[in-house]
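These notes concern the structure reproduced below.
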Amino acid sequence: MIKVICVCGARPNFMKIAPLMRAFQASGRIHTTLVHTGQHYDERMSRLFFRDLGIPRPDVDLEVGSGSHAAQTAEVMKRFEPLCLREKPDWVVVVGDVNSTLACALVAVKLGIRVAHVEAGLRSFDRTMPEEINRLVTDAVSDLLLVTEPSGVENLRAEGMEASRIHLVGNVMIDTLLSNRRRAEESRILEDLRLAAGAYYLVTLHRPSNVDSRETLAPIMDALIHLARERCVVFPVHPRTRKNLESFGYAEQIDRLANFRLIEPQGYLDFLKLTAHAFAVLTDSGGVQEETTLLGVPCLTLRRNTERPITLTEGTNRLVEPTREGILAACSQIRDRNNSPPRMPHLWDGQAAERICTVLLDASRLVSA
Ligand code: UD1
Ligand code: UDP
């Protein structure tokens, strides 16, 4: 048996950790300890996903909560270190690019514990994004770099990483999508929100570069309010964004619009159903760009760059300048959602977690041999 600590902390981590936990346990050769850092803690940003996705209850909750980048990262590190000293795992597995990912990778490598990074190699080449710093540093200290798309392999090679550390394994977020698609169809969310399939825009926004200042959020909101004249706009609001919408005075204005539904963050199955039946999705999320590609739903990413270029070249994604004119022009060009057939990039086939399990076991054998 090898001992592995699996780390999760923020919403997009839960979809990635779910298939890994299942594959590790099914192997019968990996003893897992699941650690939740507590970076996200609201019921609708955390616990709901454990229920929806059947993730085992975390063995440890570090309960770090919110804070500045330095405070949050440091707090995860301080609380994760004694756990690693006590558990002495062979591996720490981290996913994605959030502060918890970086913090736990740093703690592990300094204790001589090997680190596997799931979703390695993605680069937006925009160092103003906190996630880009997290990706660069996590990859630099990880022993196994488990990559979702070919651009990731190229980026890691260009940074001089040894080929033996890099493995193109596919996309665990897509494992979760494929294994929950049928269950998501049973969701009653369209009826609950009185939505007709194919007839609404679905919106998610949480990047600081879009939502943290009035200057950047106002033109986006103006565009969305304009779009709501034409068809319904459904906007499950991330807590960071809700705070700003309230403080910039948008929440009340939107409440008066019949065709604009500002709703709580949704559980995985309800959100997947909403995505699958949207006319188009407007987002700045990383994961949603990938999910819309698989579902064949037009995705307008309100950013100037993406770390997931395969969703542009092989998928339904399109980068859109986050301005009023940019958004309205891009929406007016979507004529028919059937122009976006579902696409399955190489290895986005539902088997990524199994491949990761094999790579991890092989790497463990090499070390002990
Ligand atoms: C984090 C990740 C981001 C990821 C996003 C997914 C970092 C640097 N950012 O951004 O990469 O795309 O999660 O959703 O790790 N809050 C609550 N309740 C919660 C969690 C947060 O109210 O359960 C509020 C707090 O006011 C907090 C703010 O949201 O200060 C931001 O939370 P934080 O985890 O720092 O960053 P996110 O914007 O969620
Ligand atoms: N998601 C969800 N409910 C929501 C919004 C998003 O379940 O209300 C899911 C979405 O389907 C994807 C993941 O959350 O699986 C993406 O997380 P997020 O956008 O918070 O983070 P990012 O991917 O940008 O890091």
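Going by the numbering used here, the residue at position 11 of the sequence shown is 15; the numbering climbs one at a time, nothing skipped. The beta carbon of each residue, even a glycine, is placed where N, CA and C say it ideally should be. Quick caveat, the model's predicted, so the values are computed rather than measured.
Give me every residue whose Cβ sits closer than 7 Å to any heavy atom of the ligand UD1, in chain order.
In chain order, the hits are ALA14, ARG15, PRO16, GLN43, HIS44, TYR45, ASP46, MET49, SER50, SER70, HIS73, GLN76, ASP101, VAL102, ASN103, SER104, PRO134, GLU135, ASN138, HIS210, PRO212, HIS242, PRO243, ARG244, LYS247, SER289 and GLY290.
Give the single residue among ARG90, VAL292 and PRO345 whose Cα lies nearest to the Cα of VAL64.
Locating residue 64 in the sequence shown gives position 60, where the first residue counts as 1. When each option's Cα is compared against that of VAL64, the closest is ARG90.
Can you look up PHE239 in the DSSP assignment and give me helix, strand or coil?
Residue numbering aside, residue 239 sits at position 235 when the sequence shown is read from its first letter. Three-state result, PHE239: strand.
Let me know the alpha helix (DSSP H) ranges lying completely inside the segment 168-230, each 4 residues or longer, listed in chain order.
The segment 168-230 contains these whole alpha helix (DSSP H) runs: 176-189, 193-196 and 212-215.
Using alpha carbons as the reference points, say which of PHE275, THR362 and PRO86 lies closest to ARG192.
Position 188 of the sequence shown, counting from 1, holds the residue named residue 192. Residue PHE275 is the option with its Cα nearest to ARG192.
Output the distance between the C-alpha atoms of HIS44 and VAL98, rounded to the nearest integer angstrom.
As a working note, residue 44 is residue 40 in the sequence shown. As a working note, residue 98 is residue 94 in the sequence shown. C-alpha separation (whole angstroms): 16 Å.
Quick check: does the Cβ of PRO240 come within less than 7 Å of any heavy atom belonging to the ligand UDP?
Here residue 240 corresponds to residue number 236 of the sequence shown, with the count starting at 1. Yes - the ligand UDP has a heavy atom lying nearer than 7 Å to the Cβ of PRO240.
Is the separation between the beta-carbon of THR315 and that of ASN321 shorter than 8 Å?
Here the question's residue 315 lines up with position 311 in the sequence shown. Here the question's residue 321 lines up with position 317 in the sequence shown. Closer than 8 Å, so yes.
With a threshold of 7 Å, establish whether the CB of GLN3 neighbours any heavy atom of the ligand UDP.
For residue 3 there is no data in the structure shown, the boundaries of the chain being 5 and 373.
For the ligand UDP, I want to know if PRO269 counts as a neighbour, meaning its beta carbon is within less than 7 Å of at least one of the ligand's heavy atoms.
In the sequence shown, the residue the question calls residue 269 occupies position 265. Yes, the beta carbon of PRO269 sits closer than 7 Å to at least one heavy atom of the ligand UDP.
How big is the Cα-Cα spacing for LEU194 and LEU115?
Numbered from its first residue, the sequence shown carries residue 194 at position 190. Numbered from its first residue, the sequence shown carries residue 115 at position 111. Straight-line Cα distance between these residues: approximately 49 Å.
Going by beta carbon distance, what residues of the same chain come within less than 8 Å of ARG244, once the five residues before and after it are set aside?
Within the sequence shown, numbered from 1, the residue matching residue 244 stands at position 240. Cβ within range, chain order: HIS210, PRO212, VAL215 and ASP216.
Residues in its own chain within less than 8 Å of GLY202 by CB, not counting five upstream and five downstream?
In the sequence shown, the residue the question calls residue 202 occupies position 198. Result list for GLY202: HIS281, ALA282, PHE283 and ARG341, in chain order.
Roughly how many whole angstroms lie between the Cα atoms of ASP226 and ARG186?
Within the sequence shown, the letter at position 222 stands for residue 226. Within the sequence shown, the letter at position 182 stands for residue 186. The straight-line gap from Cα to Cα measures roughly 36 Å.
Would you give the residue range spanned by the alpha helix (DSSP H) that ASN321 belongs to?
Translated into the one-based positions of the sequence shown, residue 321 becomes position 317. No alpha helix (DSSP H) contains ASN321, which is instead part of the beta strand (DSSP E) from 321-323.
What is the C-beta distance between VAL238 and LEU278, in whole angstroms, given that I count them as a contact (C-beta under 8 Å)?
Counting from 1 along the sequence shown, the entry for residue 238 is found at position 234. Counting from 1 along the sequence shown, the entry for residue 278 is found at position 274. At roughly 6 Å, the Cβ-Cβ gap stays under 8 Å, so VAL238 and LEU278 are in contact.
I'd like the span of the alpha helix (DSSP H) that includes HIS281, first residue to last.
Stepping through the sequence shown from its first residue, residue 281 is reached at position 277. Per DSSP, HIS281 belongs to no alpha helix (DSSP H) and is neither H nor E.
Rounded to whole angstroms, what is the Cα-Cα separation between LEU298 and GLY290?
Within the sequence shown, residue 298 is the residue found at index 294, counting from 1. Within the sequence shown, residue 290 is the residue found at index 286, counting from 1. Spanning the two alpha carbons is a distance of roughly 14 Å.
Anyone know if the C-beta pair for LEU199 and CYS236 falls short of 8 Å?
Residue 199 sits at position 195 when you count from the first residue of the sequence shown. Residue 236 sits at position 232 when you count from the first residue of the sequence shown. Cβ distance < 8 Å, so LEU199 and CYS236 count as in contact.
Among the candidates SER104, ALA120 and GLU163, whose CA atom is the shortest distance from the CA of PHE129?
Translated into positions along the sequence shown, residue 129 becomes position 125. Measuring from the Cα of PHE129, the nearest candidate turns out to be GLU163.
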